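Novice:
Protein chains: 2
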Amino acid sequence: MARRDTAFLFDLDGTLIDSVYQHVLAWKEALDGEGVDISVWRIHRKIGMSGGLFANMLLRETALEITPARLDRLRQRHADAFNRQHAQGSVQPLPGARELLAYLTSQDIPWAIATSGRMETAAPNLAALGVDPATVPVITRDQVRHAKPDPDLFLAAAAQLGVDIRQSLVIGDSVWDMLAAQRARALGVGVLCGGYGHAELQQSGAFRVYEDPADLLRHIDEIAARD
Amino acid sequence: MARRDTAFLFDLDGTLIDSVYQHVLAWKEALDGEGVDISVWRIHRKIGMSGGLFANMLLRETALEITPARLDRLRQRHADAFNRQHAQGSVQPLPGARELLAYLTSQDIPWAIATSGRMETAAPNLAALGVDPATVPVITRDQVRHAKPDPDLFLAAAAQLGVDIRQSLVIGDSVWDMLAAQRARALGVGVLCGGYGHAELQQSGAFRVYEDPADLLRHIDEIAARD
Chain F
3 MARRDTAFLF DLDGTLIDSV YQHVLAWKEA LDGEGVDISV WRIHRKIGMS
53 GGLFANMLLR ETALEITPAR LDRLRQRHAD AFNRQHAQGS VQPLPGAREL
103 LAYLTSQDIP WAIATSGRME TAAPNLAALG VDPATVPVIT RDQVRHAKPD
153 PDLFLAAAAQ LGVDIRQSLV IGDSVWDMLA AQRARALGVG VLCGGYGHAE
203 LQQSGAFRVY EDPADLLRHI DEIAARD
Chain U
3 MARRDTAFLF DLDGTLIDSV YQHVLAWKEA LDGEGVDISV WRIHRKIGMS
53 GGLFANMLLR ETALEITPAR LDRLRQRHAD AFNRQHAQGS VQPLPGAREL
103 LAYLTSQDIP WAIATSGRME TAAPNLAALG VDPATVPVIT RDQVRHAKPD
153 PDLFLAAAAQ LGVDIRQSLV IGDSVWDMLA AQRARALGVG VLCGGYGHAE
203 LQQSGAFRVY EDPADLLRHI DEIAARD
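Okay, here's the thing in structure tokens:
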């Protein structure tokens, strides 16, 4: 009996969009503004988790009091700082991102986007990719109860495509994507363009790791789409 | 015959100072300004090399013409963007950095700083650490012919301390520090606080890896300073 992976479920920031480092420093600015002292690399290693989980974990690690008002202020400060970077034009699609999505479409391979971010920060990224959320399934943190590393975002994306999650590939740049992929029983494919190391992605379950979308597209017959 | 490692030779940015991500986005801004299109994670993976080597490699990878004028403009744009971040107060010593240096001094263990940067960008970092270059050996890129991954900076630091490089530890956050340590026949100790992964540092020769200076200080009897 033939069995092929039939759908691509993409993370957005760090996987299709070159925005991780800007997000990291936007969180740094937000946390500094709240008097939360934390090293930048630790923020980087938490990026891509659910925003709420991320803030909870940071505040827990720094032993500060967590209040809903403080979390709201953090989220707002982060969004302001990130959107300032975006307005300067420093946030762009990663090499090969648009080409990879166009290739999948041309091959009738279903694909979707599943991001731990909210639509307010995802919208400009989708526009930069030329992705119209009216025609492409885009699952954001607004639509599920738990974001990554819970599997909900990818499960919702597969459901919206009408595909079996167990025959789907999850493409992501972070450890949280790879853990969520395993928890969903999808197959995880890592990309280095979010700044995690190769071994970090493999150790969290990536069955294959590429540099970026362009590198994945060059090697796509290694993982899918064989005809 | 007893043999102990007797000196600590430190990298600066990413090892004692939490400045790598700010340097990365400062280089991104400088390269954008020159019309050089390169993903941010690739800049991160080159940080800590000799600035000239770094710029040469980026320009080679992007197949642009390399002129001395363009390199000068890149260096100036980077320094301007980085110093803007510094002026905002976002660049601070890493946890435990000051305490580790104070501990070494209290134990009469010689230490020095060896950075691929120039004194113009290193000076505010040294001030933040409370290090006075008049009393502590600080080797910058201005003083050697080749910066990392060449071993010159660490060799010069050991010479200035009057210690044998083969009985010295090199503490750094980047692959380039670990390669330079091996080329100098020192022993490399990696720290994760520059954002490289654990395996990347081990694979480039770190014989031990800690999270940051505070973590190294907590475990210092693993690598040195046994009494």
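The listed protein sequences derive, respectively, from chains F and U. Heads up: the first sequence begins at 3 in the numbering used here, then just goes up one per residue. Heads up: the second sequence begins at 3 in the numbering used here, then just goes up one per residue. Ideal Cβ placement from N, Cα and C applies to all residues, glycine included. All figures in this text were calculated on a predicted structure; none of them were measured in a lab.
Could you tell me whether the Cβ of L194(F) comes closer than 8 Å to any Cβ of chain U?
Specialist: For the purposes of this step, residue 194(F) is taken as residue 192 along the first sequence, with counting starting at 1. Judged by the 8 Å Cβ criterion, L194(F) is in contact with chain U.
Novice: Can you name the start and end residues of the alpha helix (DSSP H) that S108(U) belongs to?
Specialist: Reading the second sequence from its first residue, position 106 is the one you call residue 108(U). Start and end: 99-108.
Novice: Evaluate D134(F) with the Cβ neighbour count: other Cβ atoms within 10 Å of its Cβ, from every protein chain shown; 16 or more gives buried, anything less gives exposed.
Specialist: The residue you call residue 134(F) lines up with position 132 of the first sequence. With fewer than 16 other Cβ atoms within 10 Å, it is exposed.
Novice: What does the Cβ neighbour count give for Q109(U), buried or exposed, with the cut at 16 atoms within 10 Å?
Specialist: If you number the second sequence from 1, residue 109(U) lands on position 107. By the neighbour-count rule (16 or more Cβ atoms within 10 Å), Q109(U) is not buried but exposed.
Novice: List the residues of chain U whose Cβ lies closer than 7 Å to the Cβ of G199(F), in chain order.
Specialist: Locating residue 199(F) in the first sequence gives position 197, where the first residue counts as 1. Near G199(F) (Cβ distances below 7 Å), the residues of chain U are Y198, G199, A201, E202.
Novice: For Y212(F), would you say it is in contact with chain U, using Cβ-to-Cβ distances shorter than 8 Å as the test?
Specialist: Here residue 212(F) is taken as the residue at index 210 of the first sequence, counted from 1. By this cut-off, Y212(F) is not an interface position.
Novice: Sort D217(U), P95(U), I173(U) by Cα distance to L203(U) and report the nearest one.
Specialist: Here residue 203(U) is taken as the residue at index 201 of the second sequence, counted from 1. Looking at the Cα atoms, I173(U) is the closest of the given residues.
Novice: Are the C-beta of K30(U) and some C-beta of chain F separated by less than 8 Å?
Specialist: In the second sequence, the residue the question calls residue 30(U) occupies position 28. Yes, contact with chain F.
Novice: Considering just the uninterrupted stretch of the beta strand (DSSP E) at A149(U), what are its terminal residues?
Specialist: In the second sequence, the residue the question calls residue 149(U) occupies position 147. Counting along the chain, A149(U) falls outside any beta strand (DSSP E), and DSSP gives it neither H nor E.
Novice: Skipping 5 residues on each side, what residues in its chain have a beta carbon closer than 6 Å to that of L73(U)?
Specialist: As a working mapping, residue 73(U) is identified with position 71 in the second sequence. Correct list, in chain order: A57.
Novice: Count the other CB atoms, across all protein chains shown, that sit within 10 Å of the CB of R47(F); report buried if there are 16 or more and exposed otherwise.
Specialist: Taking the first sequence and counting its residues from 1, one reaches residue 47(F) at position 45. Buried, since its Cβ has 16 or more Cβ neighbours within 10 Å.
Novice: Taking R79(U) as the reference, give the member of W43(U), T117(U), G35(U), A183(U) with the closest Cα.
Specialist: Counting from one through the second sequence, the residue named residue 79(U) turns up at place 77. If we check each option's Cα against that of R79(U), G35(U) comes out closest.
Novice: What residues are listed by DSSP as bridge partners for V211(U)?
Specialist: Along the second sequence, one-based indexing puts residue 211(U) at 209. BP columns for V211(U) point to G192(U).
Novice: Does DSSP classify G199(F) as helix, strand or coil?
Specialist: For this step, residue 199(F) is matched to residue 197 along the first sequence. It is coil, neither helix nor strand.
Novice: According to DSSP, is I225(F) helix, strand or coil?
Specialist: By 1-based counting over the first sequence, the position of residue 225(F) is 223. I225(F): coil per DSSP, three-state reduction.
Novice: Mind the definition here: the stretch 165-180 of chain F touches the stretch 6-22 of chain U only if three or more C-beta pairs lie below 8 Å; say whether that holds.
Specialist: Flag = no, the stretch 165-180 of chain F and the stretch 6-22 of chain U do not touch.
Novice: According to DSSP, simplified to helix, strand and coil, what is A4(U)?
Specialist: Here residue 4(U) refers to the residue found at position 2 of the second sequence. Caution applies to A4(U), whose pLDDT of 49 falls short of 50 and renders its modelled position unreliable; the model cannot decide the point.
Novice: So, does the stretch 88-101 of chain F touch the stretch 112-122 of chain F, judging by three or more C-beta pairs under 8 Å?
Specialist: Touching, no.
Novice: Can you check whether the C-beta of H46(F) is within less than 8 Å of a C-beta belonging to chain U?
Specialist: By one-based count along the first sequence, residue 46(F) stands at place 44. True, the Cβ-Cβ gap to chain U drops below 8 Å.
Novice: Select from L66(U), V193(U), L155(U) the residue whose C-alpha is nearest the C-alpha of R187(U).
Specialist: Indexing the second sequence from 1 puts residue 187(U) at position 185. If we check each option's Cα against that of R187(U), L155(U) comes out closest.
Novice: Measuring CA to CA, which of G53(U), Y198(U), F10(U) is closest to A28(U)?
Specialist: Counted from its first residue, the second sequence places residue 28(U) at position 26. If we check each option's Cα against that of A28(U), G53(U) comes out closest.
Novice: Within a Cβ cutoff of 6 Å, which residues of the same chain sit near G207(U), ignoring the five residues on either side of it in sequence?
Specialist: Here residue 207(U) refers to the residue found at position 205 when the second sequence is read from its first residue. If we look at G207(U) and ignore the five residues flanking it on each side, its Cβ neighbours are M180, Q184, G190.
Novice: How big is the Cα-Cα spacing for S176(F) and L60(F)?
Specialist: As a working note, residue 176(F) is residue 174 in the first sequence. As a working note, residue 60(F) is residue 58 in the first sequence. Roughly 17 Å between the two C-alpha positions.
Novice: Run the CB neighbour count on Q24(F), radius 10 Å, all protein chains shown included, and call it buried at 16 or more, exposed below.
Specialist: Along the first sequence, read from residue 1 onward, the residue named residue 24(F) stands at position 22. Classification of Q24(F): buried, given that the 10 Å Cβ count is 16 or more.
Novice: Below 9 Å on C-beta distance, what does V42(F) contact in chain U?
Specialist: Position 40 of the first sequence, counting from 1, holds the residue named residue 42(F). By Cβ distance, chain U contributes D20, S21, V22, Y23, Q24, S92, C195, G197.
Novice: If I measure Cβ to Cβ from T8(F) and keep anything under 6 Å in the same chain, skipping five residues before and after, which residues do I get?
Specialist: The residue you call residue 8(F) lines up with position 6 of the first sequence. Once the five neighbours on either side are set aside, the close Cβ partners of T8(F) are V165, Q169.
Novice: Which same chain residues end up closer than 8 Å to A149(U) when comparing Cβ atoms and leaving out the 5 residues on each side of it in sequence?
Specialist: Working through the second sequence from its first residue, we reach residue 149(U) at position 147. Cβ within range, chain order: M51, S52, G53, G54, L55, S118, R143, L155.
Novice: Classify R147(F) as buried or exposed, calling it buried when 16 or more other Cβ atoms lie within 10 Å of its own Cβ.
Specialist: As a working mapping, residue 147(F) is identified with position 145 in the first sequence. Result: exposed.
Novice: In the DSSP assignment, the alpha helix (DSSP H) including V177(F) goes from what residue to what residue?
Specialist: Indexing the first sequence from 1 puts residue 177(F) at position 175. 177-186 is the span of the alpha helix (DSSP H), which, as asked, contains V177(F).
Novice: Judging by CA-CA distance, which residue of R220(U), I225(U), H221(U) is the nearest neighbour of F209(U)?
Specialist: Position 207 of the second sequence, counted from the start, is the residue given in the question as residue 209(U). It is I225(U) whose Cα lies nearest to the Cα of F209(U).
Novice: Going by DSSP in three states, I167(U) sits in which element: helix, strand or coil?
Specialist: For the purposes of this step, residue 167(U) is taken as residue 165 along the second sequence, with counting starting at 1. Helix, per DSSP.
Novice: In whole angstroms, what is the alpha-carbon distance linking D82(U) and T107(F)?
Specialist: For the purposes of this step, residue 82(U) is taken as residue 80 along the second sequence, with counting starting at 1. For the purposes of this step, residue 107(F) is taken as residue 105 along the first sequence, with counting starting at 1. Distance between the alpha carbons of D82(U) and T107(F) is about 43 Å.
Novice: Pick out whichever of Q162(U), E31(U), L102(U), L76(U) has its Cα sitting closest to the Cα of I256(U).
Specialist: Since the first and last residues shown for chain U are 3 and 229, residue 256(U) lies out of range.
Novice: In three-state DSSP terms, what is G50(U)?
Specialist: What you label residue 50(U) is simply residue 48 of the second sequence in a count that begins at 1. Reduced to three states, the DSSP call for G50(U) is coil.
Novice: I'd like the span of the alpha helix (DSSP H) that includes A114(U), first residue to last.
Specialist: Taking the first residue of the second sequence as position 1, residue 114(U) is located at position 112. Careful: A114(U) lies outside any alpha helix (DSSP H), inside the beta strand (DSSP E) at 113-116.
Novice: Is the closest heavy atom of the ligand SAH to the C-beta of L218(F) under 7 Å?
Specialist: Of ligands this structure carries none, so the ligand SAH is not represented either.
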